[in-house]
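Note that UniProt numbering gives residue 275 to position 275 of the sequence shown, counting from 1, and the numbers run on in steps of one.
No residue lacks a Cβ here, since even glycine has one placed at the ideal position from N, Cα and C.
Report on the structure given below.
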Amino acid sequence: MCRAKSAEKLRWTSHKLCWFPSEVIDEPTTVYSSNYEFPEMAEPTNSSNVPAISEMPFQYDTLPNGHSFRVLLLKPGNDHDTLRGSLITRSMKNPPSYQALSYLWGSAKQTELLECDYQDFKITASLNTALRRIRSPHDCIFVWADQVCINQRDNAERSQQVSMMRDIYSGADIVSAWLGPGNPEEIKFAAEAIIGLAYQTLFRSKDPPVFPQDEELREYRLPIRSSPVWAAFDSLIRLPYFSRIWIIQEVVVSRAFRLLWGDFEIPGDLFTQGLENAARNGMNSQGLESSGPRLDLQRLECILWRTENEPGDLLNLILATFRHQATDGRDKIFALIGLSNDGGIVPDYDQTETSLFKDFALQEIMRSGLKILSYVYVTDPTQDTKPFWVPRWHASNKKILTTSLVGRNFNASNRHDMIRDTTSDSQLLVLKGIHIDEVEDVSCQFTYDDPGIIPAILSCFEVVTRNEGLFQTNRGAYTSFFDETFQPFKDDTYIDSFMLMAIKVPLTMIIDSEDNRDVLVPLLPLLQAAMDASPSITTGTPSSLAERYEPLRAVFEEMFPHNPEQASSYFNICKIVLGISREQGDPQRWRFKRSFSACVPNRRFFMTKTGYIGLGPSCMEPGDSVCILFGGTTSYVIRPTSTVDEYLFLGDSYVHGIMEGEAMTMYEAQEIPEEQQLMEKWFRLI
Numbered sequence: 001m002c003r004a005k006s007a008e009k010l011r012w013t014s015h016k017l018c019w020f021p022s023e024v025i026d027e028p029t030t031v032y033s034s035n036y037e038f039p040e041m042a043e044p045t046n047s048s049n050v051p052a053i054s055e056m057p058f059q060y061d062t063l064p065n066g067h068s069f070r071v072l073l074l075k076p077g078n079d080h081d082t083l084r085g086s087l088i089t090r091s092m093k094n095p096p097s098y099q100a101l102s103y104l105w106g107s108a109k110q111t112e113l114l115e116c117d118y119q120d121f122k123i124t125a126s127l128n129t130a131l132r133r134i135r136s137p138h139d140c141i142f143v144w145a146d147q148v149c150i151n152q153r154d155n156a157e158r159s160q161q162v163s164m165m166r167d168i169y170s171g172a173d174i175v176s177a178w179l180g181p182g183n184p185e186e187i188k189f190a191a192e193a194i195i196g197l198a199y200q201t202l203f204r205s206k207d208p209p210v211f212p213q214d215e216e217l218r219e220y221r222l223p224i225r226s227s228p229v230w231a232a233f234d235s236l237i238r239l240p241y242f243s244r245i246w247i248i249q250e251v252v253v254s255r256a257f258r259l260l261w262g263d264f265e266i267p268g269d270l271f272t273q274g275l276e277n278a279a280r281n282g283m284n285s286q287g288l289e290s291s292g293p294r295l296d297l298q299r300l301e302c303i304l305w306r307t308e309n310e311p312g313d314l315l316n317l318i319l320a321t322f323r324h325q326a327t328d329g330r331d332k333i334f335a336l337i338g339l340s341n342d343g344g345i346v347p348d349y350d351q352t353e354t355s356l357f358k359d360f361a362l363q364e365i366m367r368s369g370l371k372i373l374s375y376v377y378v379t380d381p382t383q384d385t386k387p388f389w390v391p392r393w394h395a396s397n398k399k400i401l402t403t404s405l406v407g408r409n410f411n412a413s414n415r416h417d418m419i420r421d422t423t424s425d426s427q428l429l430v431l432k433g434i435h436i437d438e439v440e441d442v443s444c445q446f447t448y449d450d451p452g453i454i455p456a457i458l459s460c461f462e463v464v465t466r467n468e469g470l471f472q473t474n475r476g477a478y479t480s481f482f483d484e485t486f487q488p489f490k491d492d493t494y495i496d497s498f499m500l501m502a503i504k505v506p507l508t509m510i511i512d513s514e515d516n517r518d519v520l521v522p523l524l525p526l527l528q529a530a531m532d533a534s535p536s537i538t539t540g541t542p543s544s545l546a547e548r549y550e551p552l553r554a555v556f557e558e559m560f561p562h563n564p565e566q567a568s569s570y571f572n573i574c575k576i577v578l579g580i581s582r583e584q585g586d587p588q589r590w591r592f593k594r595s596f597s598a599c600v601p602n603r604r605f606f607m608t609k610t611g612y613i614g615l616g617p618s619c620m621e622p623g624d625s626v627c628i629l630f631g632g633t634t635s636y637v638i639r640p641t642s643t644v645d646e647y648l649f650l651g652d653s654y655v656h657g658i659m660e661g662e663a664m665t666m667y668e669a670q671e672i673p674e675e676q677q678l679m680e681k682w683f684r685l686i
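Next up, the structure:
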């Protein structure tokens, strides 16, 4: 008989190593186990006519009501003992004291054995190591683990239990996050970094924030930049566990949590405080030194949501967690429901992924308009899953990786309300709007990985060159874009801008990679000559953070070990060029570069038959149409089908000259140029 001791605090790390000294953890992490007597059970009979129990799926008892859930009463054991336990059904209204397990499933193969209620329960290798890690050598403990406590073969139960997930994890005494096994020395170094950061009270106010220099680190009593603790901390951050979509809810709603990495324990509050302080001190940025330390803190932003108790908007949660992984695509939504204030989506694992994404898109359209259409990314209309107007929340949806046209205060429909019609065809979204024009020509696709400003601009001008006649005869349709672009230069500042960029590019390449240095060294005398020929380059305001470039001196000293004067000269060039204030040096150039990087990847430049120009989806081609949908803030690109008024929805677009409602104003006033044919109509979108 197994009795879980009551009124006795069980320290989670009683039989494992804990890196943190007693003064760091004032009270040991505890759980109060309820009095529960594990009844003796008769061994099942195995006759020749009955299959061996181990060959049969585990037989669950049906949960009695919507408040019920199971917990695993895990029997004590030592490292190599067989895992043994029993599933106990309890009510969330009166739960036992239990810990909830958060872990990475890893391989779906269930090859390990858990003896549960005298049945053989096959579990994954990851869960096997996690249960062994938290098992007590002396006492029974209550544990909740989804793989065991939910009947994964019963979609109805699975759906119902997932809807309770917030209550399950918030109701646990503690959430144990199993990160997996690890190198003890690396774990120790990571723990050292966390402790040092967590108890740091001094913060820098530098802009932009950059990983502190050794002098600052010493002032904070932290390890210097070359210390292995920073690489170890970054290794912790990059563990596969933190890429899971489910860990967000599991950790965020917990009363308390702890990280279990190998035989070490890291208290959750200490970890959270360490992350916050690392972010405040700019440790997620290397600055100019590609060889310097950098912590990928963006991966763990969701952990810091624990300080925000208010539920969030589901769409914003999906966008914020886009890089997190889910084996089942439906979990990209289901895993976040417990954190949101949207009650329209209920977990249902009998629903297909396409159906779920469509229902969510329709809910968002009814709730907040056509904003969600800007997250559609169609790669190939002949291959992608329909309907195309439904965003797919997968890593392949590169549209989410770039800044969309949402939030840029466009007003293409001139604040018209959305007009939607009902249809019996679930594939269709029927909206009213204005047909603007037909696409005449498109550029090559600008890739996300390396869009390249110069190749992109050349590609755009190739389109203009191919359509020179259209440009000349319909120049008015270009509105102010080309009027402003082709105005004569009023001074020579553009020469300085060009020189500054021409100097900065090779300097940055030298700094970023040792591989480039031998090739680029011959350019340095030319850069010096360019500086001498254009003294006005240095008229900008030097950065107040010029001291952050000081580590670059060593780069040039290494390149010119026998000529310190030469090294110093090139270092000064670098400091001047890179230290010019963006705000006062050349704001237009910097603004263009930022806008380009945000908006151009995964798009094509295009021209319409009446001369409009714009940026559209990567899959667009000549013959597609541009439209404005009532209620939308942008224009959209659609593709006609063989059915009248039926179109494939390809995505949003920027069309110069209509994004502030100009086309709608012309249409409403019936002041439409002769060459244009604006037409109000219904669009049946697939």
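Whether residue i touches residue j by CB criterion (7 Å)
{"i": "F271", "j": "V229", "result": "no"}
{"i": "S374", "j": "D652", "result": "yes"}
{"i": "R330", "j": "L362", "result": "no"}
{"i": "S618", "j": "R604", "result": "yes"}
{"i": "W393", "j": "L685", "result": "no"}
{"i": "L101", "j": "S126", "result": "no"}
{"i": "E364", "j": "L315", "result": "yes"}
{"i": "F334", "j": "R299", "result": "no"}
{"i": "I436", "j": "V626", "result": "yes"}
{"i": "D441", "j": "M620", "result": "no"}
{"i": "I169", "j": "V253", "result": "A small correction: the amino acid at residue 169 is Tyr; Ile does not occupy that position in the sequence shown. Yes, the Cβ-Cβ distance between Y169 and V253 is below 7 Å."}
{"i": "I245", "j": "H324", "result": "yes"}
{"i": "L74", "j": "R133", "result": "no"}
First and last residue of the uninterrupted beta strand (DSSP E) at residue i
{"i": "Q99", "result": "Q99 to Y103"}
{"i": "Y241", "result": "It is not in any beta strand (DSSP E) - Y241 carries neither H nor E in the DSSP assignment."}
{"i": "S635", "result": "S635 to P640"}
{"i": "D441", "result": "L429 to V442"}
{"i": "R603", "result": "R603 to T608"}
{"i": "E112", "result": "E112 to C116"}
As assigned by DSSP and simplified to three states, the class of residue i
{"i": "T89", "result": "strand"}
{"i": "G469", "result": "helix"}
{"i": "K75", "result": "coil"}
{"i": "S68", "result": "strand"}
{"i": "Y647", "result": "strand"}
{"i": "I174", "result": "strand"}
{"i": "T30", "result": "In this predicted model, T30 has a pLDDT of only 37, less than 50, meaning its place in the structure is not dependable; the value taken from the coordinates is given anyway. T30: coil per DSSP, three-state reduction."}
{"i": "I672", "result": "coil"}
{"i": "K358", "result": "helix"}
{"i": "Y570", "result": "helix"}
{"i": "D652", "result": "strand"}
{"i": "L458", "result": "helix"}
{"i": "R275", "result": "The amino acid occupying residue 275 in the given sequence is Leu; Arg does not appear at that position. Of the three classes helix, strand and coil, the one that applies to L275 here is helix, per DSSP."}
{"i": "C599", "result": "helix"}
{"i": "G196", "result": "helix"}
{"i": "F58", "result": "coil"}
N-terminal and C-terminal residue of the alpha helix (DSSP H) that residue i is part of
{"i": "Y349", "result": "Where Y349 is concerned, there is no enclosing alpha helix (DSSP H), given that its DSSP letter is neither H nor E."}
{"i": "V626", "result": "Note, V626: premise wrong, no alpha helix (DSSP H); beta strand (DSSP E) at S625 to L629."}
{"i": "Q249", "result": "W246 to V252"}
Cβ-based neighbour list, residue i, same chain, cut-off 6 Å, excluding 5 preceding and 5 following
{"i": "L524", "result": "Y570"}
{"i": "Y349", "result": "N155, R158 and S159"}
{"i": "A108", "result": "none"}
{"i": "L429", "result": "W389 and L685"}
{"i": "E660", "result": "N411"}
{"i": "L83", "result": "L114 and L131"}
Same chain only: Cβ atoms within 8 Å of residue i, ignoring 5 sequence neighbours per side
{"i": "D313", "result": "S340, N341 and D342"}
{"i": "L297", "result": "I237, L275, A278, A279, M283 and N284"}
{"i": "K93", "result": "H67"}
Close Cβ partners of residue i (< 7 Å) along its chain, the five nearest in sequence each way excluded
{"i": "A130", "result": "L101, Y103 and W178"}
{"i": "M165", "result": "Q249 and G338"}
{"i": "I150", "result": "E157, R158 and Q161"}
{"i": "G106", "result": "T124, A125 and S126"}
Pick out the complete alpha helix (DSSP H) segments inside the stretch 211–237, 4 residues or longer, and give them in chain order. 214–219 and 228–237
Within the stretch 296–325, ranges of the beta strand (DSSP E) (whole runs, at least 3 residues): none
Every unbroken alpha helix (DSSP H) inside the stretch 125–173 [4 residues or more]: 125–134, 146–149, 155–163 and 165–171
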